[in-house]
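Participant: Could you have a look at this structure, given as structure tokens, before my questions?
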Amino acid sequence: MTTRRTEFPGGEATPQVPAADGFLGPGAVVGAGRYRLLAQFGADERVSAALWRARDGQLRRDVALTLLVGDAGDQPAATAARRTLDRAAHAARIGHPGMARVLDVLNVGSGVNPDEGLLGMIVADWSNGTDLLDLVAERPLPAATAARLLEPLAAAVEVAHRAGLVLGVDHPQRIRVTPEGPLRLAFPGPLPDATLRDDIKGLGAILYLLLTGTWPLPDGPATVPRAPLGPGGLPVPPGMLRLQVPEELSLAAIRSLEDTSVGGIRTSATLIGVLDRVTAHDQPTELINRIDDGYDRTDDGDTTVWTTRPPARDPGRTRKLVIGVSALGLATLGVLIWIGTLLVGFFSDDSTTAGGPTVVATQPAGPNGGPNEAPQPAGPIQPAALNVYNVKGDPDNANRAKSAVDGNQRTAWKTSKYKQQFPVFKPGIGLIAAFAEPLKFASVSIDSPSAGTKVEIRTAPTDKPQLADTKVIGEATLGAGRTEIPLNNAEPTQFVIIWITQLGDGNVSEIAEVGFVRAG
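Written out as structure tokens, the structure is:
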């Protein structure tokens, strides 16, 4: 296999690795050299489909590719691929937030070279956000949250079914979670023999996955835990696995999976009705149990509380009341002591965080072997802007970046939960602070509960620099609390990056607050 060079219009020639002989990998080009593969986001083994994020070299934008891998000489596979491509082409007529827009459908001889090892490809808008499986990897979702996330996807299925079309929402790796929260079919391409009923079962399976973290259908990624089965071979209802799941939502998930004609959910409209009711009743008062007032009810059902009947003297209830009042008094005293402690801490000079002790990071030695002379601090300064700095893939929790400089220890920005430590998937992730003018900094402080996180403090020439254009001016391994990082070699700069090179426990890091101190 040889390496070829593909020159995109308006760009320089870039070495590319062709996708010949069935080889697919980052940097390979497909679609007659138009699309450069960036990262694989899953696979649907049922149709030998590889799900990739790619770069459109002509329009210079990222797209989602569903690559149907196979040999054109395999007639059954080629026929099945043509059926999938035809169905995807019909789906291009649908525009809905719950599904990515189909941009193009290519087959061998029409956009796909015969030597690429592909039977066809489906091109769709790239959907920013998070993988569905990553969303539930740590824990299942609350019932109302699961219902809200699923509604747009179910609505897209309803629109497609009204047009007589199958979407193919029966595989978790084809679904992504958008930055706004709702689920979206990111990699269109229904199975050649899929039916409308399969879409409903897929919605039920996704609901089951959100509620339990397990997959209830026979086909699915090997990395996803399988749902436990009950009598009759059906999955155990989610409400039996998690008591917090409302019975109606638990039954809806199971009834969507049932193939019986009686009692099963057959349309997405029916499922949407259940989801609407669950989200409508998502009120804090649902968490409060009914309080028994202790009054006897009359036989006619009168529930009047106010009555002229004197209350019965119950020594047991009186004793409970005394105990309760005493406990309330002790609790009040405890609250007053706690408030007093906060006030003392507020007016004292102790600046350590409640998360742990302050750790001062050591910095590299100076040119003569001795320590660098630390600049004199002139006072804290607040950045004009703080954003996620990312050089590969999607930025992690971009809408939460400002939580790291809002002065509130209870709010924080944190990375996504990665399957492996940096730099397997990306070289790192971080935050970039922009100031009104170039400043020389004395130190940076980071409040974090993620002990073991390794960070570099870097300067940057712009607010969107290449990593190679930044300069390291400090580094530290964070403790569980506040870590002070002196910047002994800092030159005046307008942009400062907190660059995470090693994640904390569980391959995730959290930053509650970042403080910047300028030099005098």
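Counting along the sequence shown from 1, when you hit position 14 you're at 28 in our numbering, and nothing is skipped either side. All residues carry an ideal CB built from backbone N, CA and C; glycine is no exception. Since we're looking at a predicted model, the values are computed, not measured.
1. Please return the same chain residues whose Cβ sits closer than 6 Å to the Cβ of S62, not counting the five positions on each side in sequence.
2. Restricting to runs no shorter than 4 residues, where is the alpha helix (DSSP H) found entirely within the segment 72-118?
3. Kindly indicate which residue of D100, A169, V292 has the alpha-carbon position closest to the one of L205.
4. Which class does A170 belong to by DSSP, given the choice of helix, strand or coil?
5. Should P230 and A241 be called a contact, given that it needs their Cβ atoms to be closer than 8 Å?
6. Return the residue from the list P260, L265, S270 that minimises the CA-CA distance to H295.
7. If you drop the 5 nearest sequence neighbours on each side, which residues of the same chain put their C-beta closer than 7 Å to that of Q435?
8. Going by other Cβ atoms of all chains shown within 10 Å of its Cβ, with 16 needed for buried, is M254 buried or exposed?
9. Would K428 be called buried (16 or more neighbouring beta carbons within 10 Å of its own) or exposed?
10. To the nearest angstrom, how far is the alpha carbon of E470 from that of P90?
11. A504 to T476, Cα distance in whole Å?
12. Under three-state DSSP, which class holds R69?
13. Let me know the secondary structure DSSP gives Q508 once reduced to three states.
14. Does the distance from the CB of L271 to the CB of A219 come in under 8 Å?
15. Closer than 6 Å by C-beta to D408: which residues in its own chain qualify, once you throw out the five before and the five after it? Chain order, please.
16. With 16 as the cutoff for other CB atoms within 10 Å, does L149 come out buried or exposed?
17. Which first and last residues belong to the beta strand (DSSP E) in which I268 is found?
18. Among T425, P441, R424, which has the Cα closest to the Cα of Y432?
19. Per DSSP, what kind of secondary structure is N413 in: helix, strand or coil?
20. Run the CB neighbour count on E540, radius 10 Å, all protein chains shown included, and call it buried at 16 or more, exposed below.
21. By Cβ distance below 8 Å, which residues in the same chain neighbour V563 in space, the five residues on each side in sequence not counted?
22. Output needed for D184: all residues of its chain with C-beta closer than 6 Å, excluding positions within five of it in sequence on either side, in chain order.
23. In terms of alpha-carbon separation, which member of S457, R75, G45, L224 lies closest to R256?
24. Determine the extent of the beta strand (DSSP E) in which G457 is found, giving its start and end residues.
25. Taking the alpha-carbon positions, what's the V119 to R96 distance?
26. Mind checking whether P452 and T507 have CB atoms under 8 Å apart?
27. Beta carbon of F530, beta carbon of F455: below 8 Å?
28. So, with DSSP's three-state summary, where would you put A57?
29. In three-state DSSP terms, what is V358?
30. Measuring alpha carbon to alpha carbon, tell me which residue in L79, T159, D461 is nearest Y222.
31. Compute the distance between the beta-carbons of P186 and P235, then report whether it is under 8 Å.
32. Give a yes or no on whether the C-beta atoms belonging to D461 and Q423 are separated by under 8 Å.
33. Identify whether P186 lies in helix, strand or coil by the three-state DSSP scheme.
34. Using 8 Å for Cβ pairs, my map puts A266 next to I286. What's the rounded Cβ distance?
35. Indicate the three-state DSSP secondary structure (helix, strand or coil) for A219 in the structure shown.
36. May I ask you to report which of helix, strand or coil DSSP gives M292?
Facilitator: The short version:
1. For S62, where only same-chain residues beyond five positions count, the Cβ hits under 6 Å are V83, G84.
2. Within the segment 72-118, the runs of alpha helix (DSSP H) at least 4 residues long that lie entirely inside it are, in chain order, 89-105.
3. Of the candidates D100, A169, V292, the one whose C-alpha sits nearest the C-alpha of L205 is D100.
4. Secondary structure at A170: helix, using DSSP grouped into helix, strand and coil.
5. Between P230 and A241, the CB-CB gap stays under 8 Å.
6. Ranked by Cα distance from H295, the options P260, L265, S270 are led by P260.
7. For Q435, where only same-chain residues beyond five positions count, the Cβ hits under 7 Å are Q516, L517, N521.
8. With fewer than 16 other beta carbons inside 10 angstroms of its own, M254 counts as exposed.
9. Buried.
10. Each residue's Cα considered, the two are about 55 Å apart.
11. Their backbone Cα atoms lie some 16 Å apart in a straight line.
12. Here DSSP, grouped into helix, strand and coil, assigns R69 to strand.
13. In the structure shown, the three-state DSSP call for Q508 is strand.
14. Going by C-beta atoms, L271 is nearer than 8 Å to A219.
15. Excluding its 5 nearest sequence neighbours in each direction, D408 has C-beta neighbours in its own chain below 6 Å: N142, listed in chain order.
16. Classification for L149: buried.
17. It is not in any beta strand (DSSP E) - I268 instead sits in the alpha helix (DSSP H) that spans 261-271.
18. Relative to the Cα of Y432, the nearest Cα in the group T425, P441, R424 belongs to P441.
19. Per DSSP, reduced to three states, the secondary structure at N413 is helical.
20. Because the chain here runs from 15 to 534, residue 540 falls outside it and cannot be looked at.
21. Residue 563 lies beyond the stretch modelled for the chain, which goes from 15 to 534, so this question has no answer here.
22. Cβ within range, chain order: D212, G216.
23. Looking at the Cα atoms, L224 is the closest of the given residues.
24. The displayed chain sequence assigns Ser, not Gly, to residue 457. Where S457 is concerned, the enclosing beta strand (DSSP E) stretches over 455-462.
25. Roughly 10 Å separates the two Cα atoms.
26. Result yes, Cβ atoms of P452 and T507 sit closer than 8 Å.
27. Cβ atoms of F530 and F455: closer than 8 Å.
28. It is a strand residue.
29. At V358 the pLDDT is 48, less than 50, meaning the model places this residue with poor confidence; the figure from the coordinates comes in the next sentence. Three-state result, V358: helix.
30. Comparing Cα-Cα distances from Y222 to each of L79, T159, D461, the minimum goes to T159.
31. Taking 8 Å as the Cβ cut-off, P186 and P235 qualify as a contacting pair.
32. Taking 8 Å as the Cβ cut-off, D461 and Q423 qualify as a contacting pair.
33. Here P186 sits in helix by DSSP.
34. With 8 Å as the limit, A266 and I286 do not qualify as a contact, their Cβ atoms being about 10 Å apart.
35. Correct three-state label for A219: helix.
36. Reading the sequence as shown, one finds Val at residue 292 and not Met. Under the three-state reduction of DSSP, V292 is assigned to helix.
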